[in-house]
Amino acid sequence: MIPHGRLLFFVVVCVLFAATVSFGAVTVLPTEAKGGTTVQFTLRVSNESRNTDTVALDVEFPSSLTITEFETTRGWKLFLKKDASGKIRGAIWSGGAIAPHAHGEFKFLAETPAETTELQWKVVEIDAKGKRKEYTGAKGSRNPSPVTMVKAVKLESGNGPWRDHDRDGVADDLEQELLLKFTPIFMVDAHDCDGMPAEFMPDSKEPRPIAKNGTIYGQVFRKDLPTLFGAFVEIHYYHLWSRDCGRAGHSLDAEHVSVLTWANSLQEPASAWKALYWYAATHEETLCEASNGAKASALAAEERGATVWVSRGKHGSFLNESKCRLGCGGDTCRDMIAMPAGKLVNIGEADAPLNGAVWTGSKRWPLKDKMHTDFNDDVLARLEDSGTAGVISLNSHLPPTKAVILGGNSSLGAFLIGNAWAGRSLSIAGSESVHAAGRAFTTSGKSLLIVGRKLGAGLGFKRD
Ligand SMILES: [Ca+2]
Ligand SMILES: [Ca+2]
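Taking our numbering, the leading residue of the sequence shown gets 4, the next gets one more, and so forth.
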């Protein structure tokens, strides 16, 4: 039997030994992470050599991991190794130096796999003499790979601080807090023929309005911008109406505005998130599109919701009251009042609805099409270039063969307008009511191209 004092000594030695083994020259932190989340990993390299600098690192990432971005490491160049699909499989840092007895840290963000698994990092350290030290071995070998344990998050429990019922990698609590923080002020027409945005019956596959009470539906999801530092979350606010009662009206009217927000990481609390850009959709993908956007700073809406004007009857969204006339003249904002705050309901994602919002997938309205990002590279570039111009027009570029028409009924002629805001020529089909659209256009001072009925025949028709 080992005497008590000696036993303690033995335990201490074992612990110290274990510590030196698990914290060798190359480590990756954290050693434990949640499944299905974005985690900042730190590769820490200690140069254990007495007299030679470490000058390069060659890393192979665990294949179940999705690397999203790297923090710039001063003095080091980063080369990415990608597979045929463009997925980042490894990285080489070179051009810098870690002196003997010093250490260097290399940080990057990655999405962990959802299931419980062990991540093995294969790291090769290369010194100034070209000597390679490989940390690629199995557990228990002389130079084992650093390992991170990933533990699946139990979604069923619904308790605890981290839930992600709509499976988008954003904590649902954070989604709700961000929705609240950036809720816009909606200005609606006091005499709108449909009253206020509607609340819809939960768990119904078809959209069934049950009250016109100003309910706003929200959607919060990650936006991947791999070349930029930090985490981006896009938030959509849907004002859903039981009908469009403007020109060329129809039942059910799905409209929205959105905001792109930023923080250092997805783990930051709602208070740390800042709005970058706002987008307001108006008659999207029709020839009368008047979608508009602005830098959040230009609207003084970086820390809170922007003010949004909703046109009478047609319910197009505008970030500036004076723009509320651009949708082929079909939009007006006259007797505007701030809509009282109603319910704010998170609809989750298209493939994982929350709060019974299964009606998002109904073919009776184009809501599902609006549940994707509004901030493609082109839109981001135009918003970034807008400087202090305030609200700018953001129509999508319509390929001529896909040109679509607002209205799609007998008043068609008045609405056949081309994608003028994208700087293209404007096309108006011949019709007795063409002058109505022509007026709206000539005031914007661009060239006008009137084409014959041939164009009308070649166009597709789609309701806004
Ligand atoms: Ca979520
Ligand atoms: Ca979501």
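C-beta atoms are modelled at their ideal positions from N, C-alpha and C, and glycine is treated no differently.
Every value quoted in this text rests on a predicted model; they were computed, and no experiment measured them.
Check: So within the region 244-277, which uninterrupted beta strand (DSSP E) runs reach at least 3 residues, ignoring any that extend past its ends?; Outcome: 253-266
Check: Would you decide whether tryptophan 424 is buried or exposed? Buried here means 16 or more other CB atoms lie within 10 Å of its CB.; Outcome: Here tryptophan 424 scores only 28 on pLDDT, less than 50, and its place in the model should not be relied on; the value that follows carries that caveat. Buried, because 16 or more other Cβ atoms sit within 10 Å of the Cβ of tryptophan 424.
Check: Please confirm if the region 136-155 is in contact with the region 204-224, defined as three or more CB-CB distances below 8 Å between the two stretches.; Outcome: no
Check: Write down the C-beta distance between threonine 264 and leucine 279 rounded to the nearest angstrom, noting that I regard them as a contact closer than 8 Å.; Outcome: 7 Å
Check: Cutting at 6 Å between CB atoms, please list the residues of its own chain near valine 126, excluding the five before and the five after it.; Outcome: Val29, Val62 and Tyr138
Check: Helix, strand or coil for serine 325? Go by DSSP, reduced to three states.; Outcome: helix
Check: Give a yes or no on contact between the region 45-65 and the region 86-96, applying the rule of three or more CB pairs nearer than 8 Å.; Outcome: yes
Check: Can histidine 106 and arginine 47 be called in contact, C-beta distance under 8 Å?; Outcome: yes
Check: Taking just the CA atoms, how far does proline 116 sit from histidine 104?; Outcome: 35 Å
Check: Just list the residues that DSSP pairs tryptophan 96 with in beta bridges.; Outcome: Leu60 and Leu81
Check: Confirm, please, whether the CB-CB distance from aspartate 197 to lysine 215 is below 8 Å.; Outcome: yes
Check: Residue range of the beta strand (DSSP E) that aspartate 195 falls in?; Outcome: Note, aspartate 195: premise wrong, no beta strand (DSSP E); not H, not E.
Check: Using only alpha-carbon positions, find the residue among Lys317, Glu51, Phe109 and Ser396 that is nearest to glycine 78.; Outcome: Phe109
Check: Work out the CA separation of lysine 317 and alanine 248 for me, nearest whole Å.; Outcome: Checking the displayed sequence, the identity of residue 248 turns out to be cysteine instead of alanine. If I take the Cα positions, the gap works out to 6 Å.
Check: Would you mind listing the alpha helix (DSSP H) stretches within the region 168-217 that are 4+ residues and don't spill past its ends, in chain order?; Outcome: 175-184
Check: Using a 10 Å radius around the Cβ and a threshold of 16 neighbouring Cβ atoms, would you call histidine 286 buried or exposed?; Outcome: buried
Check: So, with DSSP's three-state summary, where would you put aspartate 380?; Outcome: helix
Check: Give the straight-line distance between the Cα atoms of glutamate 128 and threonine 230, rounded to the nearest whole angstrom.; Outcome: 26 Å
Check: Express the C-alpha separation of isoleucine 188 and alanine 440 in angstroms, rounding to a whole number.; Outcome: Low confidence applies here, because alanine 440 scores a pLDDT of 36, under 50, leaving its location unreliable; read the following figure in that light. Straight-line Cα distance between these residues: approximately 31 Å.
Check: Go ahead and label glycine 416 buried or exposed: buried means 16 or more other beta carbons lie within 10 angstroms of its beta carbon, across all protein chains shown.; Outcome: Any reading at glycine 416 must be qualified, since the residue scores a pLDDT of 31, below 50, and its modelled position is unreliable; the value itself is stated next. Buried.
Check: Alanine 283 by DSSP, collapsed to three states: which one?; Outcome: strand
Check: Considering only heavy atoms of ligand 2, does any lie closer than 7 Å to the CB of glutamate 128?; Outcome: no
Check: By DSSP, does serine 300 sit in helix, in strand, or in coil?; Outcome: helix
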